[in-house]
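Participant: One structure coming up, written as structure tokens, with questions to follow.
Chains as they are written, first to last, in the working numbering: chain A, 1 to 246; chain B, 1001 to 1301; chain C, 2001 to 2413.
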């Protein structure tokens, strides 16, 4: 593992209104690994991602991407936010959405070039959606839509991928194949951080985990971070949570 | 150019300028900003008169543009507090500016016949009588001014096409790739403000509002391609310019009003018979589907 | 109505205008809630613009400028516009804002065409139809007041009678549908209530300004209360107050009533948005700044403590390098720590050292964090009277001493 972590947050505090959503959170996500952020609802998982990328103001703390301040290093990150906000009626095709992944490298006011279109098409092919480039995005199923946003992130060709609940409400087949894809990407040397809620999957498939509930409860190799006593600290000692973790 | 042609070209160029921006307003759910901006022009005219004692078109356009931009920024500011929804912010700001304009007229400018009606209905019929001499060629002033704005809008939309598309479709993502959605949205609204101010001066406020909203909404019912949507919006605008003019001449009626009605007619047609999203098509699809389900159920039995 | 006019120490015409403005403000405040809370604030704008063709048609049919028939015309056009808007929104992919815009421009274009037609037909009698565009409070008569009051009373009665149903439909239309309520009809009903408000007001403030009357009292009231039950009456009262204040100001300065009322309304709404306690923009900005200062204060306190445990007391520069905090933030925070008596600077190098009070404060802070950790782990086995949840930074204050002690006990065993 080379020197700097892929993503590191130091003492991040964020509050909406009176209460802190995140309170002095410290966490590191090592390079070249598949990491998950895990925690109960309202633990601040999405907020942590957005704060780490500098997309929302923080009360205090800082965040580093490969050792550089996050704001200056955003071109190293592809971020896939939760999808509720998207306007599925928008007159735009799947191909156009994926091509957006090349916009940063294309630069302001320039057309997307042939090489960039080729990269976008390859990304679409990699998620198994090559045949759908001309469809309007609203015509896709939920799983297919998520594949498109994966493809857009792939097309960005960044060393770090950050995704917020990418498998929420997604069918099992899509989840399995996208998880496999994430594994391949990790093997290619990319770093991946996703918010995920299935503890079992995280234990089996992920290298690293952050257990979060307003404060960072545990951060380390997935098996250690999700040990039963740690889970109790995040979810409470209720039998239900532990069973669920089973 | 003969007079008919000048009027049609003026309206058509206004339709081009508006049609290039209108679809983005419709997609951003900000269609009514156009209404707000066109009303905010009035205090601009009054202030220009009070400060410089002039009603020269260029001065009025600049004065109006200042207030229109002010209007857009005030709406943005109110909305960004998170306490007022954007629709309520619009409805708070533009009546205020319009009220200030009316108060200015009644208090300080009642002597000068600042014609409120003509700012709203427009005086497109007078377009041919005001001619500029550009390098020895006589050009109707309205054609020159609106033509310039239409050209500027075209340059803006073509240049910033992918940026407009990305920030309109997915502002959150656009922000992460460094596209500055808020800045771009302000620039676009300022373009809308300047377009509205310039166009209202020759075609009237109501036609500007109509041209910014209705062709874009009509095109939205007809296509799933953004580029086609913009092209259709411009085309529908030209159609209503031509048809509206001849209709108005035939019926001896208001030109701006008739053009607006043709736009409305286009919208109604699209709403009914658009092949993809029209009421007829949707109803047919639904009936076919329920018929298919019925036969499938019957076959199962 | 006569006694009320006599009661007001103003000339007859002024008194009529003030009463009219009060009635208008009251109704538009209450009924405007059905526009603003459904995020359809500008529906009123479209309905008001629709009054123009309505008035023209009424004039063409009756051939006279009789106030009664013109109001009926405006009302019918408003209803047509309202139904069209709801229909476009429900049957197609067009969004509310575009639906409002399409209906508005369509009706207004029609109005202009009709107006030019009328102008070409006869000479003088049509002059004054534009009053409906800009409003003219001065021409208001006692008879108009009676009509306004009757319409206002009837619509407010409908709101009171249907309050519970309207409340559900306003709050969550999907839930309302699941209860079997006719959502679409309620949608139209609420829009029709707006038509009533517009018809009452359009003569007085004009079509263009009417929309503000529906919005500003509601926006102001929304900042002051979270409950619909208090929101509606409050918006009504604020609306009436805006109307009266505006009308008095206008008559005092000989300005047209409508625009003055609108300016007053905007000022009231803006003041509420800025200064409302606990919610206003300025209040929140101050709160956020205080929160940031507090986070920095506690953070630096702990950082100094950690540094002192790790080695010799740090200098400011060493602390800055170790924590990565911005220079300015660190300097101000250290100063306020010093002022609070929690921090000392030692010797020639100004090394930072916690005072006894500082060490105690840091210790207490650690304890508070442990308490939060204890809550997360053992909160489920705690007996609490209700579903309360603690503020992570001060579990003790938000749960009470008993619960906090119990938590500590659970955590140590």
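We put the CB at the ideal spot given by N, CA and C, even for glycine.
So that I know if they touch, is there some Cβ in chain A lying closer than 8 Å to that of residue 2396 of chain C?
Facilitator: Not one chain A Cβ lies under 8 Å of residue 2396 of chain C.
Participant: Using a Cβ-Cβ distance cut-off of 8 Å, determine whether residue 1277 of chain B contacts chain C.
Facilitator: Interface residue, yes.
Participant: Looking at C-alpha atoms only, which residue of C/2390, C/2403, C/2409 is the closest neighbour of residue 214 of chain A?
Facilitator: Cα-wise, what sits closest to residue 214 of chain A is C/2390.
Participant: How would you list, in chain order, the residues of chain A whose beta-carbon sits under 7 Å from the beta-carbon of residue 2372 of chain C?
Facilitator: Correct list: 215.
Participant: When DSSP labels each residue in this structure, what does residue 2367 of chain C get in the three-state scheme?
Facilitator: Note: residue 2367 of chain C maps to helix in three-state DSSP.
Participant: Counting only Cβ-Cβ distances shorter than 7 Å, please list the residues of the segment 2315-2339 of chain C near chain A, keeping chain order.
Facilitator: Of all residues in the segment 2315-2339 of chain C, 2324 have a Cβ within less than 7 Å of some Cβ in chain A.
Participant: Going by C-alpha distance, which of B/1267, B/1071, B/1221, B/1100 is nearest residue 1037 of chain B?
Facilitator: When only C-alpha atoms are compared, the closest one is B/1071.
Participant: CB-CB under 6 Å to residue 2351 of chain C, same chain, minus the five flanking residues each way: which ones, in chain order?
Facilitator: So the qualifying residues of the chain are 2313, 2315.
Participant: Are there 16 or more other CB atoms within 10 angstroms of the CB of residue 11 of chain A, so buried, or fewer, so exposed?
Facilitator: Residue 11 of chain A is buried by the Cβ-count criterion.
Participant: Check whether the Cβ atoms of residue 1020 of chain B and residue 1230 of chain B sit closer than 8 Å, and answer yes or no.
Facilitator: Contact flag set, yes.
Participant: What span of residues does the beta strand (DSSP E) with residue 213 of chain A cover, start to end?
Facilitator: It spans 208-213 - the beta strand (DSSP E) in which residue 213 of chain A sits, taken as one unbroken run.
Participant: So what does DSSP say about residue 2172 of chain C, is it helix, strand or coil?
Facilitator: Note: residue 2172 of chain C maps to coil in three-state DSSP.
Participant: Between residue 2331 of chain C and the rest of its own chain, which residues show a CB-CB distance below 8 Å, the 5 nearest in sequence each way excluded?
Facilitator: Here the set comprises 2316.
Participant: Given residue 246 of chain A, which residues of its chain have a CB within under 6 Å of its CB, disregarding the five upstream and five downstream residues?
Facilitator: Here the model assigns residue 246 of chain A a pLDDT of 42, short of 50, so the residue's position is not dependable, and the following value carries that caveat. Contacts found: none.
Participant: Give me the Cα-Cα distance between residue 83 of chain A and residue 169 of chain A, rounded to the nearest whole angstrom.
Facilitator: Cα to Cα, the separation comes out at about 10 Å.
Participant: Do residue 138 of chain A and residue 94 of chain A come within 8 Å of each other at the CB atom, strictly closer than that value?
Facilitator: No, these two residues do not count as a Cβ contact at 8 Å.
Participant: Enumerate in chain order the residues of its own chain whose CB-to-CB distance from residue 1270 of chain B is below 6 Å, with the five nearest sequence positions on each side excluded.
Facilitator: Excluding positions up to five away in sequence, the list reads 1218, 1221, 1222.
Participant: Just verifying my parser: in three-state terms, what is the DSSP assignment at residue 1013 of chain B?
Facilitator: Residue 1013 of chain B: helix per DSSP, three-state reduction.
Participant: Give the list of continuous beta strand (DSSP E) stretches no shorter than 3 residues that lie fully inside the segment 1104-1191 of chain B.
Facilitator: Counting whole runs of 3 or more residues, the segment 1104-1191 of chain B contains the beta strand (DSSP E) stretches 1131-1134, 1137-1140.
Participant: Name the two residues that bound the continuous alpha helix (DSSP H) containing residue 152 of chain A.
Facilitator: 142-155 is the span of the alpha helix (DSSP H), which, as asked, contains residue 152 of chain A.
Participant: Mind checking which residues open and close the alpha helix (DSSP H) that includes residue 1274 of chain B?
Facilitator: Here residue 1274 of chain B belongs to no alpha helix (DSSP H), and DSSP marks it neither H nor E.
Participant: Measure the C-alpha to C-alpha separation of residue 235 of chain A and residue 39 of chain A and round it to an integer number of angstroms.
Facilitator: Residue 235 of chain A and residue 39 of chain A: Cα-Cα distance of roughly 7 Å.
Participant: For a minimum of 3 consecutive residues, which ranges assigned as the beta strand (DSSP E) are wholly contained in the segment 165-225 of chain A?
Facilitator: Runs found: 191-195, 208-213, 215-221.
Participant: Can you tell which of B/1184, B/1203, B/1255, B/1268 has the C-alpha that lies nearest to the C-alpha of residue 1214 of chain B?
Facilitator: Checked all of B/1184, B/1203, B/1255, B/1268; the closest Cα to residue 1214 of chain B is B/1268.
Participant: Identify every run of the alpha helix (DSSP H) within the segment 2033-2105 of chain C, keeping only runs that are complete inside it and at least 4 residues long; order them along the chain.
Facilitator: You should have 2043-2062, 2067-2091.
Participant: Using 10 angstroms around the beta-carbon of residue 2175 of chain C, count the other beta-carbons present and answer buried if the total reaches 16, otherwise exposed.
Facilitator: When all chains shown are included, residue 2175 of chain C counts as exposed.
Participant: Could you name the residues of the segment 2020-2048 of chain C whose beta carbon sits closer than 8 Å to any beta carbon of chain B, in the order they occur along the chain?
Facilitator: Within the segment 2020-2048 of chain C, the residues whose Cβ lies closer than 8 Å to some Cβ of chain B are 2036, 2039, 2040, 2041, 2042, 2044, 2045, listed in chain order.
Participant: Which whole-angstrom value is the C-beta distance of residue 1092 of chain B and residue 2219 of chain C, which I expect to be below 8 Å?
Facilitator: Correct: roughly 6 Å between the Cβ atoms.
Participant: Along chain B, which residues have their Cβ under 8 Å away from the Cβ of residue 2093 of chain C?
Facilitator: Simply 1220, 1221, 1277.
Participant: Who are the near neighbours of residue 1164 of chain B in its chain, counting only those whose CB is closer than 8 Å to its CB and skipping five residues on each side?
Facilitator: Excluding positions up to five away in sequence, the list reads 1024, 1157, 1184, 1188.
Participant: Expressed to the nearest angstrom, what Euclidean distance is found between the alpha-carbon atoms of residue 1069 of chain B and residue 1265 of chain B?
Facilitator: For residue 1069 of chain B and residue 1265 of chain B, the distance between alpha carbons rounds to 31 Å.
Participant: Between the segment 1091-1106 of chain B and chain C, which residues of the former have a C-beta closer than 9 Å to a C-beta of the latter?
Facilitator: Residues 1091, 1092, 1093, 1094, 1095, 1096, 1098, 1099, 1100, 1101, 1102, 1103, 1106.
Participant: Determine, for residue 2380 of chain C, whether the minimum Cβ-Cβ distance to residues of chain A falls below 8 Å.
Facilitator: Interface residue, yes.
Participant: When the Cα atoms are used, what is the spatial distance from residue 1259 of chain B to residue 1247 of chain B?
Facilitator: If you take the alpha carbons of residue 1259 of chain B and residue 1247 of chain B, they lie about 8 Å apart.
Participant: Quick one: residues in its chain with C-beta nearer than 8 Å to the C-beta of residue 2142 of chain C, no 5 flanking neighbours on either side, listed in chain order?
Facilitator: Excluding positions up to five away in sequence, the list reads 2001, 2002, 2005, 2016.
Participant: Any chance you could list the alpha helix (DSSP H) runs of at least 4 consecutive residues sitting entirely within the segment 1224-1262 of chain B, in chain order?
Facilitator: The segment 1224-1262 of chain B contains these whole alpha helix (DSSP H) runs: 1226-1251.
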